[in-house]
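**Q** This is the structure, below, for whatever I ask next.
Numbering (the numbering used here), first residue to last: 137 to 222.
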């Protein structure tokens with residue numbers, strides 16, 4: 137049997153926001169978006185957000201979901217050719 141199922145290759149973009157701590161500066165409002173495979177677990181979304189925050193000098197709590205809100209995602213159209221960051 138052959139399958140043309142392309143759903144596994146689809147992506148979903150989640151917008152996120154929340155207050156984070158920047159050592160030496162206090163609280164800061166952070167927001168952004170993350171694009172992951174449609175089948176990615178929620179933990180992967182938070183790991184990617186944590187990496188982004190750490191790269192910018194933010195303190196990241198063990199349970200990032202306590203300070204960051206992730207909104208429901210929007211599925212990227214199959215014919216979208218928007219470049220993705222590595």
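For glycine and all other residues, C-beta sits at the position ideal for the given N, C-alpha and C.
What is the DSSP secondary structure of residue 187, reduced to helix, strand or coil?
**A** One-based indexing of the chain shown puts residue 187 at position 51. Three-state result, residue 187: helix.
**Q** For residue 167, which of helix, strand or coil comes out of DSSP?
**A** As a first step, residue 167 must be located in the chain shown, where it is residue number 31. DSSP places residue 167 in strand when its eight states are reduced to three.
**Q** Let me check one thing: in DSSP terms, what residues is residue 173 bridge-paired to?
**A** Here the question's residue 173 lines up with position 37 in the chain shown. DSSP lists 147 as partners of residue 173.
**Q** Rank 194, 203, 200 and 205 by C-alpha distance to the C-alpha of residue 162 and give the top, closest one.
**A** The residue you call residue 162 lines up with position 26 of the chain shown. When only C-alpha atoms are compared, the closest one is 194.
**Q** Span of the beta strand (DSSP E) holding residue 206?
**A** Taking the chain shown and counting its residues from 1, one reaches residue 206 at position 70. Looking at the DSSP string, the run of the beta strand (DSSP E) that includes residue 206 is 204 to 206.
**Q** Rounding to the nearest angstrom, what Cα-Cα distance links residue 200 and residue 159 in this structure?
**A** Here residue 200 corresponds to residue number 64 of the chain shown, with the count starting at 1. Here residue 159 corresponds to residue number 23 of the chain shown, with the count starting at 1. So the alpha carbons of these two residues sit roughly 16 Å apart.
**Q** Report buried or exposed for residue 204, applying the criterion of at least 16 other Cβ atoms within 10 angstroms of its Cβ.
**A** Locating residue 204 in the chain shown gives position 68, counting from the first residue. Buried, by the Cβ-count rule.
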